[in-house]
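Trainee: Under my numbering, the first residue of the sequence shown carries the number 19, and numbering increases by one thereafter.
No residue lacks a Cβ here, since even glycine has one placed at the ideal position from N, Cα and C.
Here's a structure for you.
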Amino acid sequence: GDSRTWWKESSVYQIYPASFKDSNGDGIGDIPGIISQLDYIKALGVDIVWLSPILQSPQVDMGYDVSNYYQIHPPYGNLEDMDALIQGIHARGMKYVMDLVVNHTSDQHEWFRQSRSSLESEFRDWYIWKKPKYSADGVRQPPNNWGSYFGGSAWEYDEKTDQYYLHLFATEQPDLNWEHPEVRAAVHQIMRHWLVKGVNGFRMDVINFISKDQQFPDAPVADSSKPYPDGSKYYACGPRLHEYLQDMGKILNEYDAFSVGEMPSVYDPAEILNAVGFDRQELGMAFQFEIMDLDHGPEGKFSSSKLRLKDLKSVVTKWQTFMYENNGWNALYLENHDQGRSISRFASAESKYRALSGKMLATFLGLQSGTPFVYQGQELGLVNFPEEWGIEKLRDLEAINFWNEFIRDKPELHKQTLKEMRLKSRDNARLPMQWGSGKFAEFTSGPAAPWIDINNDYQTWNAALQISDPSSVFQYWAKILRLRKTWVDVFVYGSFTLIDESHDDLFVYSRSFGETTAVVVANFSAKIVDWLVPSEVSPIFSNGSILVGNYEERKSIGKKDGRVTMSPFEAL
Ligand code: TEU
Ligand code: CA
19 GDSRTWWKES SVYQIYPASF KDSNGDGIGD IPGIISQLDY IKALGVDIVW LSPILQSPQV
79 DMGYDVSNYY QIHPPYGNLE DMDALIQGIH ARGMKYVMDL VVNHTSDQHE WFRQSRSSLE
139 SEFRDWYIWK KPKYSADGVR QPPNNWGSYF GGSAWEYDEK TDQYYLHLFA TEQPDLNWEH
199 PEVRAAVHQI MRHWLVKGVN GFRMDVINFI SKDQQFPDAP VADSSKPYPD GSKYYACGPR
259 LHEYLQDMGK ILNEYDAFSV GEMPSVYDPA EILNAVGFDR QELGMAFQFE IMDLDHGPEG
319 KFSSSKLRLK DLKSVVTKWQ TFMYENNGWN ALYLENHDQG RSISRFASAE SKYRALSGKM
379 LATFLGLQSG TPFVYQGQEL GLVNFPEEWG IEKLRDLEAI NFWNEFIRDK PELHKQTLKE
439 MRLKSRDNAR LPMQWGSGKF AEFTSGPAAP WIDINNDYQT WNAALQISDP SSVFQYWAKI
499 LRLRKTWVDV FVYGSFTLID ESHDDLFVYS RSFGETTAVV VANFSAKIVD WLVPSEVSPI
559 FSNGSILVGN YEERKSIGKK DGRVTMSPFE AL
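Now the structure itself:
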């Protein structure tokens, strides 16, 4: 049947609450601060607002370690603020999406405090506890060799009960045991609680990790120099995942709710289709990591591997065509709170190219098949923190732990690793939002300074300068999002075709629906490209189809001899 839905025709704005807007001068973003900027978000033209976690948390991992699913983290506000936020979003015709972090909790959650208290605790089975192994010479060892994403073993020894517990992330983030029906019931209750309060859906944190291979086997050691091999084949898209997602899908469907699952470590669209196929009634869409991991080297995220346009073309085309042909759906993103800024990473933050890069990436991403996600500041062309910032500026445990475990004692790796961290570390996306050229970029009125340093370009790159400037990156994003609304059939429901695949600098694709075809041309290079329009495209141009140009669609090709000259980082 016709699988048209409101969330396929929507775009999403992601807010990182700690860094968005501080209303009470403590240097930490908060909910009243977000409420004060809802008109700004509405002006961008997005339909959905997704907040990274605001529930009670010790903030070991910036709220992705929840200690109470029914209370708001006090520095962000209280339950009344939450109601006011939801009401303010709904009053502007937008919807609110909550970040649901249920693969793990904080170690301060009452459930875990009970669980670790004794072998007989009624909460013991809410988490994943295993007996130690012992080596031939009697040394105690973790139950298997899996590593944590934040360094070290994925198992933490608990003296009191002489067992280890699993934590795929920080030791303060114990994994819930989804095999236990009471855990699933507790999660369903959390979902219903917030849906009843007006939340319109969820972004589900590492949701494809919730079903683990119950043998917890050792991962094959590909490279003995690495202490902990990647165990993700034993917990990413595990044996009971779809059973669990079907249960949650039933609740989501009762409310016609939005859902996007974060699914790291899985690059096979068929596997993700099992969760996002329209007929599956599980999730609406998923964040896959294949594009994000293209510039990860052999040693992982902070090792280098230059992103190549041809790889980007093949990966994007794979996901675009597969989901279209199989009635699935894509979550389109180039930035979020876990990634470096896309202008710096995929184009150029050099001042002469920066705005053009932002507009080119907006065109490239925003006109693809799927639901586009804009991360706070991406609409302003914000970029990574400056070259001169040293390691002491890092705040995020992912980078700090990695540095301390693998790099600190190897000076020969410092320069290269710092370069990779400046490009991809999560702090890049967590610097305070730049509202104006005033003190603290008007993120906070003080007296407290922001919890993390502000980038040094805020006097020239901020919302105040862009919101009413028709040539700004902000207004360009607004026009791209509006273009999707104007041509819903083509840009939302149309097919995707890669064009001129072998071109070294241009990423060209078309979107088609019925008789209408739009051709999107993005120059990913700093070169002026004289593009000879391929024969399969020129008839499209010449019969008056849509040629997406800066700011408005053009009805026919701009040049007489079938050639288009593309400026550096320009998009047509
Ligand atoms: O991220 C999961 C995840 O895979 C990321 O840690 C990713 O591997 C890395 O950050 C960048 O490649 C989710 C949240 O988005 C992240 O902020 C949390 O730290 C993590 O889960 C644990 O909850
Ligand atoms: Ca505050």
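Following a CB-centred definition, is V224 positioned closer than 6 Å to any heavy atom of ligand 1?
Mentor: At least one heavy atom of ligand 1 is nearer than 6 Å to the Cβ of V224, so yes.
Trainee: Is DSSP giving H185 helix, strand or coil here?
Mentor: Correct three-state label for H185: coil.
Trainee: So, using beta-carbon positions, are G95 and I49 closer together than 7 Å?
Mentor: Yes, the pair counts as a contact, with Cβ atoms nearer than the cut-off.
Trainee: Which class does N568 belong to by DSSP, given the choice of helix, strand or coil?
Mentor: For N568, the pLDDT reaches just 46, beneath the cut-off of 50, and the residue's location in the model is therefore unreliable, leaving the point undetermined.
Trainee: Look at the alpha carbon of S261 and the alpha carbon of Q477, and state the distance between them as a whole number of angstroms.
Mentor: For the record, residue 261 in the displayed sequence is Glu; it is not Ser. The alpha-carbon atoms of E261 and Q477 are separated by roughly 51 Å.
Trainee: Give the single residue among R500, D522, T534, W495 whose Cα lies nearest to the Cα of F514.
Mentor: Closest option to F514, Cα to Cα, is T534.
Trainee: Since I believe M281 is in contact with Q306 (beta carbons under 8 Å), could you give me their beta-carbon distance rounded to a whole number of angstroms?
Mentor: About 6 Å; that satisfies the 8 Å criterion.
Trainee: Compute every distance between the C-beta of N474 and the non-hydrogen atoms of ligand 2, then say whether any falls below 6 Å.
Mentor: False, no ligand heavy atom lies under 6 Å from that Cβ.
Trainee: Here's a check: name, in chain order, each residue in its chain whose Cβ is nearer than 6 Å to the Cβ of D507, leaving out the five neighbours to either side.
Mentor: Cβ within range, chain order: F531.
Trainee: Run the proximity test for M167: is its beta-carbon closer than 6 Å to any non-hydrogen atom belonging to ligand 1?
Mentor: In the sequence on display, residue 167 carries Tyr and not Met. Flag set: Cβ of Y167 near ligand 1.
Trainee: Pick from T335, S136, D311, I53: whose alpha carbon is nearest that of L325?
Mentor: Closest by alpha carbon: D311.
Trainee: For Y569 and S375, what's the separation of their Cα atoms in angstroms?
Mentor: Any reading at Y569 needs caution, since the residue's pLDDT is 38, under 50, leaving its predicted position unreliable; the model's value is listed next. Their backbone Cα atoms lie some 15 Å apart in a straight line.
Trainee: Mind reading off the beta-carbon distance from Y246 to K230? Whole number of angstroms is fine, and I expect it under 8 Å.
Mentor: With a Cβ gap of about 16 Å, Y246 and K230 do not count as contacting.
Trainee: By Cβ distance below 7 Å, which residues in the same chain neighbour L352 in space, the five residues on each side in sequence not counted?
Mentor: Only S360, F364, L379, L383 meet the Cβ criterion.
Trainee: Helix, strand or coil for M439 per DSSP?
Mentor: Helix at M439.
Trainee: Cutting at 6 Å between CB atoms, please list the residues of its own chain near G19, excluding the five before and the five after it.
Mentor: With a pLDDT of 45 at G19, under the threshold of 50, the modelled position of this residue cannot be trusted, and the question is left open.
Trainee: Hey, quick one: how far does the alpha helix (DSSP H) through P199 stretch, first residue to last?
Mentor: First-last of the alpha helix (DSSP H) with P199: 199-214.
Trainee: Measuring only from the beta carbon, is F403 closer than 6 Å to any heavy atom that is part of ligand 1?
Mentor: Because no heavy atom of ligand 1 lies under 6 Å away, the Cβ of F403 does not count as near it: no.
Trainee: So, at 6 Å on beta carbons, what are the nonlocal neighbours of E554 in its own chain, with the 5 sequence-adjacent residues on each side left out?
Mentor: Contacts found: none.
Trainee: If contacts are defined as beta-carbon pairs under 8 Å, then F496 and D44 qualify, I think. What distance do you get, rounded to the angstrom?
Mentor: Residue identity check: residue 496 is Ala in the sequence provided, not Phe. Contact doesn't hold; Cβ gap of about 32 Å is too wide.
Trainee: In the DSSP output, which residue or residues are listed as bridge partners for I49?
Mentor: In the DSSP output, where bridge partners are listed per residue, I49 has none listed.
Trainee: Thinking G219 and V115 are a contact (beta carbons under 8 Å), I'd like their distance in whole angstroms, please.
Mentor: Going by Cβ atoms, the distance from G219 to V115 rounds to 5 Å, so yes, they are a contact pair.
Trainee: Below 6 Å CB to CB, which residues in the same chain sit around V392 once its five sequence neighbours on both sides are set aside?
Mentor: Contacts found: Y31.
Trainee: Provide the residue(s) that pair with K113 in DSSP beta bridges, ordered along the chain.
Mentor: I66, per the DSSP bridge assignment.
Trainee: For D99, verify whether its CB is less than 6 Å away from any heavy atom of ligand 2.
Mentor: False, no ligand heavy atom lies under 6 Å from that Cβ.
Trainee: Using CA atoms only, rank isn't needed, just tell me which of Q191, P150, K148, D125 is closest to G169.
Mentor: The shortest Cα separation from G169 among Q191, P150, K148, D125 belongs to Q191.
Trainee: If you run the structure through DSSP and keep just helix, strand and coil, what is V547?
Mentor: Of the three classes helix, strand and coil, the one that applies to V547 here is strand, per DSSP.
Trainee: Less than 8 Å between the CB atoms is what I'm expecting for M209 and M266, so what's the real figure, rounded?
Mentor: Going by Cβ atoms, the distance from M209 to M266 rounds to 7 Å, so yes, they are a contact pair.
Trainee: Taking the continuous alpha helix (DSSP H) assigned at W173, which residues delimit it?
Mentor: Unbroken run through W173 is the beta strand (DSSP E), 173-176; no alpha helix (DSSP H).
Trainee: Could you pull out every residue in the same chain whose Cβ sits closer than 6 Å to the Cβ of P160, ignoring the five residues on either side in sequence?
Mentor: These residues qualify, in order along the chain: S171, W173, Y182.
Trainee: Between the stretch 421-439 and the stretch 453-461, are three or more C-beta pairs nearer than 8 Å?
Mentor: Result no; under three Cβ-Cβ pairs closer than 8 Å.
Trainee: To test your reading of the DSSP string, which unbroken beta strand (DSSP E) runs of 3 or more residues are found completely within the stretch 374-410?
Mentor: Qualifying beta strand (DSSP E) stretches, in chain order: 389-393.
Trainee: What do you get for E406, buried or exposed, if any count of 16 or more other CB atoms within 10 angstroms of its CB means buried?
Mentor: Exposed.
Trainee: For A367 and D236, I'd like the C-alpha separation in whole angstroms.
Mentor: Taking the straight line joining both Cα atoms gives about 43 Å.
Trainee: Which same chain residues, not among the five before or five after I228, have their C-beta less than 8 Å away from its C-beta?
Mentor: Contacts found: V120, N121, L194, W196, G256, L259, Y262.
Trainee: Strictly by DSSP, which residues pair up with R529?
Mentor: For R529, which the question treats as bridged, DSSP gives the partners F514, A536.
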